[in-house]
Structures are given as structure tokens and as C-alpha cells.
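Asks: Sharing a structure with you now.
Numbering (my numbering), first residue to last: 1 to 413.
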């Protein structure tokens, strides 16, 4: 009854009215936007906040006593205060504002790597990682003489947890795992992953770029050491992201970049570094995006993450069933626990060709390897067609997608 009540309160028609781009046409057809794994569209509330910043607040932050600087600084720091309860962090200063998920991972790889990784140490990632959670660790391993180990997956796209357990040892210095796979939609058992890593004495970084907009995340309940995500995948602007780190790790790590803001005192003899979070926020940040991310958080909170998650789960089930009715269609990634992504192939058709035909029908999907080339190699495929849903998508969107895939099959097969 509770689940039904939540869904009844979720009004997708009202939500869609908040997203002006959803009213436009593409190739003479109404836009059906199913590329939300790449970026989400922005509600009017966020768009208005962007305009308001440049027309009413524009000034640099943290370094001015004049009125506009104070207004901009206050608005920028409000977002940090909103992020703390949003991910249930213990302290506001554990939240570092970055350019996005990629920079957040690179920050940890560089700073944690310098402080804690030596020759012979080991880092564990998984076979389903995005390139941004592979390449930084390869670089660290090359620089430090460490070993990169990869947890394999089964055909359904689920981690081999027994292999993961066997990989952990006293040389494991870090585990870096995606919360939700961007290419498969798999929701990984992150609580167990973290518990096992901690038992071996290793901290854990979670890539939450594909989880933050779909699932309630409590970093204290998870006991995760680092969590990273991007604003543009949660209805906010591009160019802003978040690194959450436990205070003890952030204090123990050296700065990432040097310059203004990250210093406390500079002389020609030496420099002392600023306190958290500013120690990791060198230079002028993306002020507009930082402020407007706070408005995106407000938007999500107003609707409620529980309602969003339940609605999207129902729509994911509908999408999966409708696509499986198409002869010759194969879904890549059939884990028991999934979120908001369906990747598929039409036997005998290249994903790119399917994507082009769908685009002519106004349907936006992503085609290719999705920045997961090792994962595609695991399946022996060049890529997939990926439909990724958000809270503003509807069953009608999915019906149009299915009709387009059927048309592509008729033309290509």
C-alpha cells in the first residue's frame, strides 16, 4: 500500500512541465530523451537560477568584502550545506566541489596515491568500470609500481564476489568500484564491498555518477571512504561535481592543485595550506554551476528520492519487457538489481545504425562503448544501444522507442 501511495503522489505530467526542452521537436518529431545516463535535462528552476546568478550575483567568491561577493559566496556555500544532508555526510567540510566525477576520481588517485601507495601495493577495480575509474588508477600504478587487479563479472553483468574476496589481502591499498554501471545498469552490492575491504584494511571509493540521481545515498551508513558524482547527471549544470571524503583521509592527503584559495599563508620560504574543504579547491571555482547545483538538489528533494526511485523502477521494468518482445533483440546486462539503464543489441545490426534511425524519429539514445571498452571486450561486442531513463520519462516515451527499434529492425535486418 505504501508503494502504491508513493507512486500516486508522483505526478510525471507535472514534472515534465518543468523541463522546457521536452517540448521541442527533433527532425519534426516530439523529442523522446532517453540519454539521461550521459546527462539529464534541466528544470526551469535551475535555468532560472543560472540567469539570476549572471544578472544579480556575478562576482568572485571567498575573496571580497563587497556586497556582490558576499552574496555570491553565501549562495555558493549554501550548496555545500545542502549536499551534506543530501548524502548524509558527518561534516560539511568533507564535501569538496570539483569539475565533475572524473576530476574527483583523479584528485583521489593523485593525492591518495602520493600519500599511501608504494611499490608492490595493490588497487582493486571491477570489469564494469567507466574509463574514468580505470585510467587514473593505471597511471598511479605505473608511477608508484603498484598492481591493478580487476574483479570479473558474470554474463548477467554482476560482480564475482567470491573472486573479489580472494583478491583482498594485506597489500590492498584501495578499492574503487562503481555503485551503478553506466553501461549495464547493474547496482553493485556496495555495502558488502565496503565491509570486506575494511576488514582487509583498505578504504573504498564509490563512483556514484549513475547512482546519485536514482538512489538514496547515506555515506555514513555505507561507511564509504570516498564518494564521487557529477551535477549534470542530477538535473544540475555541467562543470560541477562532488568529492566526499572522510575527514581523516582528506587531512592525510596532500593538495591536488596549488594556487589561490588553497593556501593559508605564503612566503618565499614556505607555504601552509588552507583547512578543509578549501585545501582541495584551488583557484576560482565554477561559481554559477556550484550555486545552481543547490537548486537541482532542492528540486530532487521537493519530489522525494523515494518516489523517484519507485517510479523509475516501474518504468525500467516496463522498458525491459517491451524491448524483450522485439524478435532478435538481446539485452546486455541482466543483473537482478538494476537501475534506469537498458543496453541492447539487434542481432545483425550495428548499434550506430540503430541509433541513427532512432534519431530520425526524435528518439535520443546513446550508442557505442559508453567509455567502457574493456566491458564491451568482455562481451565480445563493439558496443550497445543504451536507453537510460529519468524521472520525467513516461511509458509513452518507451512505446515510441520500441516502435522505433521495430522500424530499425525492419530496415536493417
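We treat Cβ as the ideally placed atom computed from N, Cα and C, and that holds for glycine. Small disclaimer: the values here were computed from a predicted structure and weren't measured.
DSSP three-state call for residue 73: helix, strand or coil?
Replies: In the chain shown, the residue the question calls residue 73 occupies position 73. Residue 73 falls in the helix class under three-state DSSP.
Asks: With DSSP collapsed to three states, give me the class of residue 24.
Replies: In the chain shown, residue 24 corresponds to position 24, counting from 1. Coil at residue 24, not helix or strand.
Asks: Scan the stretch 258-302 and note each continuous alpha helix (DSSP H) run of 4 residues or more that stays entirely inside, going in chain order.
Replies: With a minimum length of 4 residues, no continuous alpha helix (DSSP H) run stays inside the stretch 258-302.
Asks: Within its chain, find whatever has a CB closer than 8 Å to the CB of residue 303; leave out the 5 residues flanking it on each side and keep chain order.
Replies: Along the chain shown, read from residue 1 onward, the residue named residue 303 stands at position 303. If we look at residue 303 and ignore the five residues flanking it on each side, its Cβ neighbours are 10, 15 and 391.
Asks: Is residue 1 helix, strand or coil when you go by DSSP?
Replies: The residue given as residue 1 occupies position 1 in the chain shown. For residue 1, the pLDDT reaches just 42, beneath the cut-off of 50, and the residue's location in the model is therefore unreliable, although a value from the coordinates is still provided. Residue 1: coil per DSSP, three-state reduction.
Asks: Looking only at DSSP bridge pairs, what is residue 153 linked to?
Replies: Working through the chain shown from its first residue, we reach residue 153 at position 153. DSSP lists 159 as partners of residue 153.
Asks: Which term fits residue 91, buried or exposed, when burial requires 16 or more other beta carbons within 10 angstroms of its beta carbon?
Replies: By 1-based counting over the chain shown, the position of residue 91 is 91. So residue 91 ends up on the exposed side.
Asks: So the beta strand (DSSP E) residue 344 belongs to, where does it begin and stop?
Replies: What you label residue 344 is simply residue 344 of the chain shown in a count that begins at 1. Residue 344 -> beta strand (DSSP E) spans 341-346.
Asks: Per DSSP, what kind of secondary structure is residue 186 in: helix, strand or coil?
Replies: In the chain shown, the residue the question calls residue 186 occupies position 186. Residue state, collapsed to three classes: strand.
Asks: Less than 7 Å between C-beta atoms, sequence neighbours within five positions excluded: which residues of the same chain meet that for residue 37?
Replies: Sequence index remark: in the chain shown, residue 37 carries index 37 (1-based). Around residue 37: 182, 210, 341, 366, 386 and 388.
Asks: In three-state terms, what does DSSP make of residue 129?
Replies: The residue you call residue 129 lines up with position 129 of the chain shown. It is coil, neither helix nor strand.
Asks: Under 7 Å between the Cβ atoms of residue 222 and residue 194?
Replies: In the chain shown, counting from the first residue as 1, residue 222 sits at position 222. In the chain shown, counting from the first residue as 1, residue 194 sits at position 194. For residue 222 and residue 194, yes; Cβs fall inside 7 Å.
Asks: Who are the Cβ neighbours of residue 101 in its own chain at under 7 Å, not counting the five residues just before and after it?
Replies: The count along the chain shown starts at 1 and reaches residue 101 at position 101. Excluding positions up to five away in sequence, the list reads 132, 207, 209, 228, 229, 230 and 241.
Asks: Would you report the Cα separation of residue 378 and residue 130, rounded to the nearest angstrom?
Replies: Position 378 of the chain shown holds residue 378. Position 130 of the chain shown holds residue 130. Roughly 14 Å between the two C-alpha positions.
Asks: Give the C-beta separation of residue 87 and residue 292 to the nearest angstrom, bearing in mind that I take them to be a contact with Cβ-Cβ under 8 Å.
Replies: Stepping through the chain shown from its first residue, residue 87 is reached at position 87. Stepping through the chain shown from its first residue, residue 292 is reached at position 292. 18 Å between Cβ atoms; not a contact.
Asks: Would the stretch 70-80 count as touching the stretch 330-344 if we require 3 or more Cβ pairs under 8 Å?
Replies: Judged by Cβ distances under 8 Å, the stretch 70-80 makes no contact with the stretch 330-344, as fewer than three pairs qualify.
Asks: If we count the other Cβ atoms within 10 Å of its Cβ and call it buried at 16 or more, is residue 97 buried or exposed?
Replies: As a first step, residue 97 is located in the chain shown; it is residue number 97 there, counting from the start. By the 10 Å Cβ count, residue 97 comes out buried.
Asks: Do the stretch 318-327 and the stretch 361-375 meet, that is, are 3 or more Cβ pairs less than 8 Å apart?
Replies: No: fewer than three Cβ pairs fall under 8 Å.
Asks: Would you decide whether residue 270 is buried or exposed? Buried here means 16 or more other CB atoms lie within 10 Å of its CB.
Replies: Residue numbering aside, residue 270 sits at position 270 when the chain shown is read from its first letter. Per the 10 Å Cβ criterion, exposed.
Asks: Check this for me: beta carbons of residue 137 and residue 147, under 7 Å apart or not?
Replies: In the chain shown, the residue the question calls residue 137 occupies position 137. In the chain shown, the residue the question calls residue 147 occupies position 147. No, they are not a contact pair.
Asks: Which residue spans inside the stretch 169-250 form an unbroken beta strand (DSSP E) run of at least 3?
Replies: As far as the stretch 169-250 is concerned, its whole beta strand (DSSP E) runs of at least 3 residues are 172-178, 204-207, 226-230 and 241-245.
Asks: Would you identify the three-state DSSP class for residue 123, choosing helix, strand or coil?
Replies: The residue given as residue 123 occupies position 123 in the chain shown. If DSSP states are grouped into helix, strand and coil, residue 123 belongs with the strands.
Asks: Consult DSSP for residue 332 and reduce its assignment to one of helix, strand or coil.
Replies: Residue numbering aside, residue 332 sits at position 332 when the chain shown is read from its first letter. Of the three classes helix, strand and coil, the one that applies to residue 332 here is strand, per DSSP.
Asks: I'd like the list of long-range same chain contacts for residue 84, defined as Cβ closer than 7 Å, with 5 residues on each side in sequence excluded.
Replies: Translated into positions along the chain shown, residue 84 becomes position 84. Cβ neighbours of residue 84 beyond the five flanking positions: 92 and 95.
Asks: Give the DSSP-derived three-state secondary structure of residue 100 in the structure shown.
Replies: Position 100 of the chain shown holds residue 100. DSSP places residue 100 in coil when its eight states are reduced to three.
Asks: Tell me the DSSP secondary structure of residue 147 in three-state form.
Replies: Reading the chain shown from its first residue, position 147 is the one you call residue 147. Strand at residue 147.
Asks: With distance defined between alpha-carbon atoms, name the residue in 286, 247 and 259 nearest to residue 273.
Replies: In the chain shown, counting from the first residue as 1, residue 273 sits at position 273. Among 286, 247 and 259, the Cα nearest to that of residue 273 belongs to 259.
Asks: Give me the residue from 214, 172, 215 and 217 with the minimum Cα distance to residue 196.
Replies: The sequence position of residue 196 within the chain shown is 196, counting from 1. If we check each option's Cα against that of residue 196, 172 comes out closest.
Asks: Could you tell me if residue 254 is buried or exposed, where buried requires 16 or more neighbouring beta carbons within 10 angstroms of its beta carbon?
Replies: Start at 1 with the first residue of the chain shown, and residue 254 comes out as number 254. Its Cβ having fewer than 16 others within 10 Å, residue 254 is exposed.
Asks: Could you tell me if residue 127 is buried or exposed, where buried requires 16 or more neighbouring beta carbons within 10 angstroms of its beta carbon?
Replies: As a first step, residue 127 must be located in the chain shown, where it is residue number 127. Under this definition residue 127 is a buried residue.
Asks: Going along the chain, which residues of its own chain have a beta-carbon closer than 8 Å to the beta-carbon of residue 184, five neighbours each way excluded?
Replies: Along the chain shown, one-based indexing puts residue 184 at 184. Contacts found: 128, 157, 332, 333, 335, 338, 341, 343 and 375.
Asks: Can you grab the Cα-Cα spacing for the pair residue 104 / residue 397, in whole Å?
Replies: Locating residue 104 in the chain shown gives position 104, counting from the first residue. Locating residue 397 in the chain shown gives position 397, counting from the first residue. Distance between the alpha carbons of residue 104 and residue 397: 34 Å.
Asks: On the three-state DSSP scale, how would you describe residue 256?
Replies: On the chain shown, position 256 is the one that residue 256 refers to. Coil, per DSSP.
Asks: Below 8 Å on the Cβ atoms is my guess for residue 69 versus residue 58; work out the distance and round it to an integer in Å.
Replies: As a first step, residue 69 must be located in the chain shown, where it is residue number 69. As a first step, residue 58 must be located in the chain shown, where it is residue number 58. That pair is no contact at about 10 Å.
Asks: Looking at the secondary structure, which residues open and close the beta strand (DSSP E) in which residue 368 lies?
Replies: Stepping through the chain shown from its first residue, residue 368 is reached at position 368. It spans 366-368 - the beta strand (DSSP E) in which residue 368 sits, taken as one unbroken run.
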